[in-house]
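Shown next, in structure tokens, is the structure this report addresses.
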Amino acid sequence: MNFLANQVDLSNAVDAPAIWTTLEALPQLPNRLVEWVGFQMNAPAWLATLLGMLVSAAVVVGVFLTCFALVSLVERKTLARIQNRYGPNRVGPWGLFQPVADGIKMLTKEDIVPDKAEKLLHLIAPIMIVIPAVLALGVLPYGKEWVPVNLELGLLFFFAVGAMTELSVFIAGWASGSKFPMLGSLRAISQMVSYELPLLISAIGVIMMTGSMSLPSIVEHQSQYNFGFISNWNIFTPWGLVGGIVFFIACIAEANRCPFDLPEGESEIVAGHMTEYSGFKYALFFMGEYLGLFAISGLFITLFLGGWSAPFAGLEFVPSWLWFFGKLVCVIMTMLWIRGTWMRVRMDQLMRFCWLFLIPLSLLTIPAAGIWRFCGDGFLAGLLGWGVTIPFLIIPYIIITVILNRRLAPATRQYHFAE
Amino acid sequence: MESSANTENATASKPPAEQKWILPGWGLYQGLVVTAKNFIQSYYKKDRLTTVQYPEERAPISPNFRNFPFLVHDGDDADAGLRCTACSICEKSCPPQCIYIVLDRDENGKSKKRPKVFEIDLSVCMNCGICAEVCPFDSIYMDNEFELSKDDRFGDMLYGLDRLVKSTDYHAKIRPEQAAAVAASRKAAAEKKEAAAKAKAERLKKKAEEAKLKKEQEEKGGDAQDDADGTPTPPSEKGDTK
Amino acid sequence: MSRKENILSKPTLETGADEDQLLRVSLGPQHPSTHGVFRMNVALDGETVVSLKPVFGYLHRNHEKIAENIPYLGSMPYTDRLDYLCPLTNNHAYALAVEKLGGIEVPERAEYIRIITSELTRVMNHTVFMGFFLGDLGAWGSALMYAFREREKLFDLFEELTGARMMTNYMRFGGCRNDLPAGWIKKARTFVDGYDAFLDEMESLIVGNEILLARTQNIGQISKERMINAGITGPMLRAAGVPYDIRKVDAYGIYDRFDFKIPYGENGDCYDRMMIRFLEMRESLKILKQAIADIPEGDFVNPKVKSAKFKAKPGEAYGRIEGPKGELGFHLISDGGVNPYRYHVRPPSFVNLTLIEDMCLGLDLADVVVILGSVDIVLGEVDR
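Structure below.
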């Protein structure tokens, strides 16, 4: 719902300093450079296009590999601080070169392939886990003008590509010819297939509101302001809040992060599908996992947190891609926080949580989004929308959690004291 | 033991009402609050972040801390001032039997009352301190040196006399109280011994003068040498007086 | 337990079913959460355990036979290495057994010191248990690190008192090796007074967590009759509803002078085992506060006893204490020599582990790890 009537265009009101404008254009620099060189050298059009595509891909891969290095360091340091430790601080100032040291260690390690492994599949699996993650990263809008591949059906493409990850995890588990990887891959396949459903269903509300599956237009739709200052992010609507929470939980499960890290549940099945991998192949798994995490968090931001748009009017002078990466950091830090606190759920609880809680809730967001849409625009309509959708969401939620799942509620225990 | 009627419907600290299932996921939020508190406080509270950055800074060692034994020598000359008499009491008491002693003998096979070989195997020693406890000669004590890792698995781990013997000054440095007490008791014992020796010399003089008097007097002289303040009398000294 | 019954009613390995359908996994000896070198040969139907055979002995060090060939005092440092998480209670139990054998009196101050150190050890063990238990549940180390942070404070106290952080070798026959250093009691009091706040924090991190409740409630239940028959003691038995605590039953030492209670539960599942340990820590803190306030002056060791030269008349003695993990007993037989004729340990970890298969059957692989964690074993004690 956008309150177009009340919308005030503030973009001209703030006189953006030159530095911010330059920064806004920074991600385009390699592309512009290639265009300029092509123009100077009178290159044929097809070559210029090809080079432009290659450069766009290189920028995405380069940026996210840097992110991978940084986030692996930040994750270790943050978790360390949560646990009252220092974390890596020996390699370089504040341990900044730790990812380099890790990389060298991984690359120089012996590559062990078990005797009983399917050699070819064992090799393919780690490669296969990186490819879909990179492909999915290609369609996300990172800034106002920074969309590596602007697909009309970007969201569909994202889900289609993202589903490939399951396959590679399963191949890894199967090809290792070992028991713990086997168990891990079985867990992974059932978990990821199940959690794909709430992920998809809760995204439907967003598509309904935007009327498009193109990710840039979804962000465009959210980048307007209600009453002139509150941004029109989907998470600020009743259906969006529920859908966003469901989507976020499903994100964590898709990325195999705590508390849904069953496929690699360290205390139970050693390292799941990665048990029999070492050296560079293990590093690839690690990388694929992180790139997948960036992709799915990026999608969450795009769909519910307004993508590259600023949270309040008057903050647009900050380059849009900085907003995107800032939000990415926040989402990943939240996941780290959760990882540092909660324990892992069991397989049957995981499934029950998905099928009996997340999927009904995500299904509810579809009619709720419909009601919200037909309430129309304007202040009173907004009030009406909240008034109708909130009971519509809360009553079934109470029914689901408190009444239907009551037998799962923890019992209060009695403890006695003997003299 | 009777099971009492004293039943408390509570977990350890909180009143029962708080433990009820108020909101689904309430316990999860509580946990998040705890970890967030730890995360933030680790930046400014010393009792949260207790890690010591080891090679650069070191946690203080308590004066009682013990690690690997060493032998004490008096004076400046490690060879001459060695207190150890190779009596093998520590060798026998050592639970993992990591001490190996060979008594030094002269050409005639007579004991020199000092060890020819005194070896402790660091890789076997479990730093229990029983050797230091049983030693009657105030000779073996527990060191507080703990950075003992070595390159060589065999030769370097076997500590011979050259690496085991340390001065009384070192002992006084690492354990001032214990060293002072030992020094005092040794001084007292030495004075006593001196006095006894003097008495003995006088007696011997007397004996020479009053030649062929009663033999019982000699026995009494032996009794006077017993320690009163608990320092064990070395058996060898007892042997001397007989 | 309908789920368990349902699974067990299916044809399984024991009932001569299709063996090819089972996945046989060797959990351990190199497994992240078997608490050392413990191994369980598990047959899985899907992820459901249909048979579980514990295999141990990887850490066997011949403790009992070695003890028969060295003097009585020589075994004292070895007892530190039985349950290396709580060396001082091991020392206490062994000293108690030898004192029974030799009929040795213990001065009052020594008794107080023993109770203070034993209860501190109990607090330490239970705190570390919380950390490891959460680790088994998959919480990524936060609780473990908090527990270790507190354990460091206790280690500092132990280091100052005994000279070693873990391998204390502190108790002697008829008392303790050395007196409390100056200012130690003050430090101990500061620690004890501040510990309630830490326990509160730990509880709000753990106790109410819905995932933990779902993972641990009604998991690993065994009836109390079965537990008594199997000889299980300690928090595990009390969680099942039997208020059996040797501190009350025997009132060894001077435990009858202190005002404390024995917490016990009803269900005997993993959650109760954890909660009982929390409640026990609170009770231990009560004992500690009383003991620290009342500790008298006097001898720290019976001056008549020479521990290093201890010899007993022919006879036998069984000394037992309520260790943090259960009944820890030492059985000694003397033939009048310098070495014990027979030396036997009754390790609580080992006995408590005997019902592991019964607790795990019909549950998930993930539950096996939780149940093993809730038993609280130390392999140094299981294998000896």
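Chains as they are written, first to last, in the numbering used here: chain A, -11 to 407; chain B, 31 to 272; chain C, 24 to 407. We put the CB at the ideal spot given by N, CA and C, even for glycine.
For chain A, find out if any of its Cβ atoms is closer than 8 Å to the Cβ of residue i; answer yes or no.
| i | result |
| --- | --- |
| residue 284/C | yes |
| residue 266/C | yes |
| residue 207/B | no |
| residue 232/C | yes |
| residue 69/B | yes |
| residue 217/C | no |
| residue 400/C | no |
| residue 363/C | no |
| residue 88/B | no |
| residue 163/C | yes |
| residue 46/C | yes |
Counting only beta-carbon separations shorter than 8 Å, does residue i have a partner in chain B?
| i | result |
| --- | --- |
| residue 175/A | no |
| residue 329/A | yes |
| residue 187/C | yes |
| residue 69/A | yes |
| residue 34/C | Low local confidence applies: a pLDDT of 48 at residue 34/C is under 50, so the model's placement there is unreliable, with the coordinate-based value given in what follows. Not closer than 8 Å to any Cβ of chain B, the Cβ of residue 34/C fails to qualify, so no. |
| residue 275/C | no |
Would you identify the three-state DSSP class for residue i, choosing helix, strand or coil?
| i | result |
| --- | --- |
| residue 49/C | strand |
| residue 204/A | helix |
| residue 400/A | coil |
| residue 173/A | helix |
| residue 63/C | strand |
| residue 51/B | With a pLDDT of only 49 at residue 51/B, under the threshold of 50, the placement of this residue in the model should not be trusted, and no figure is reported. |
| residue 256/B | Its pLDDT being 46, under 50, residue 256/B is placed unreliably by the model, and nothing is read from it. |
| residue 83/C | coil |
| residue 9/A | helix |
| residue 269/A | helix |
What are the start and end residues of the alpha helix (DSSP H) that includes residue i?
| i | result |
| --- | --- |
| residue 286/C | Careful: residue 286/C lies outside any alpha helix (DSSP H), inside the beta strand (DSSP E) at 285 to 287. |
| residue 131/B | Unbroken run through residue 131/B is the beta strand (DSSP E), 129 to 135; no alpha helix (DSSP H). |
| residue 346/C | Element bounds for residue 346/C: not the alpha helix (DSSP H) but the beta strand (DSSP E), 338 to 346. |
| residue 246/C | Element bounds for residue 246/C: n/a, residue is neither H nor E. |
| residue 367/C | Not the alpha helix (DSSP H): residue 367/C falls in the beta strand (DSSP E), residues 365 to 369. |
Hey, out of the options, whose CA is closest to residue i's CA?
| i | options | result |
| --- | --- | --- |
| residue 176/A | 286/A, 74/A, 262/A | 262/A |
| residue 91/C | 359/C, 327/C, 293/C | 359/C |
| residue 211/C | 373/C, 290/C, 184/C | 184/C |
| residue 116/C | 298/C, 310/C, 340/C, 357/C | 340/C |
| residue 67/C | 61/C, 59/C, 76/C, 60/C | 76/C |
| residue 218/C | 198/C, 49/C, 97/C, 146/C | 146/C |
| residue 293/A | 405/A, 183/A, 206/A, 187/A | 206/A |
| residue 185/B | 152/B, 241/B, 222/B | 152/B |
| residue 421/C | 73/A, 331/A, 117/A | Since the first and last residues shown for chain C are 24 and 407, residue 421/C lies out of range. |
| residue 106/A | 80/A, 145/A, 170/A, 133/A | 170/A |
| residue 216/C | 356/C, 242/C, 310/C | 310/C |
| residue 124/B | 147/B, 115/B, 158/B | 158/B |
| residue 207/C | 336/C, 127/C, 316/C | 316/C |
| residue 286/C | 293/C, 399/C, 271/C, 261/C | 261/C |
| residue 100/B | 86/B, 150/B, 109/B | 150/B |
Say whether chain C places a C-beta atom closer than 8 Å to the C-beta of residue i.
| i | result |
| --- | --- |
| residue 60/B | yes |
| residue 72/A | yes |
| residue 179/A | no |
| residue 407/A | yes |
Over the uninterrupted beta strand (DSSP E) stretch that includes residue i, give me the two end residues.
| i | result |
| --- | --- |
| residue 380/C | Where residue 380/C is concerned, there is no enclosing beta strand (DSSP E), although the alpha helix (DSSP H) it sits in stretches over 379 to 383. |
| residue 149/C | Taken as a continuous stretch (DSSP letters only), residue 149/C belongs to no beta strand (DSSP E), being part of the alpha helix (DSSP H) at 131 to 160. |
| residue 146/B | 141 to 151 |
| residue 101/B | 99 to 103 |
| residue 170/B | 170 to 172 |
With a cut-off of 8 Å, do at least 3 Cβ pairs link the segment 265 to 276 of chain C to the segment 330 to 349 of chain C? The segment 265 to 276 of chain C and the segment 330 to 349 of chain C touch, with no fewer than 3 CB-CB distances between them shorter than 8 Å.
Is it a yes or a no for the segment 226 to 245 of chain A touching the segment 347 to 359 of chain A, going by three-plus beta-carbon pairs under 8 Å? At 8 Å Cβ cutoff, the stretches touch.
I want to know whether the segment 235 to 245 of chain A touches the segment 300 to 314 of chain A - three or more CB-CB distances under 8 Å. As far as the Cβ criterion goes, the segment 235 to 245 of chain A does not touch the segment 300 to 314 of chain A, which means the pair count is below three.
I'd like to know if the segment 137 to 147 of chain C and the segment 375 to 382 of chain C are in contact, where contact means that at least 3 CB-CB pairs between them fall below 8 Å. Counting Cβ pairs under 8 Å, fewer than three are found: no touch.
Pairing CB atoms from the segment 61 to 81 of chain B with CB atoms from the segment 167 to 174 of chain B, are three or more of them under 8 Å? The answer is no - the segment 167 to 174 of chain B does not touch the segment 61 to 81 of chain B, with fewer than three Cβ pairs under 8 Å.
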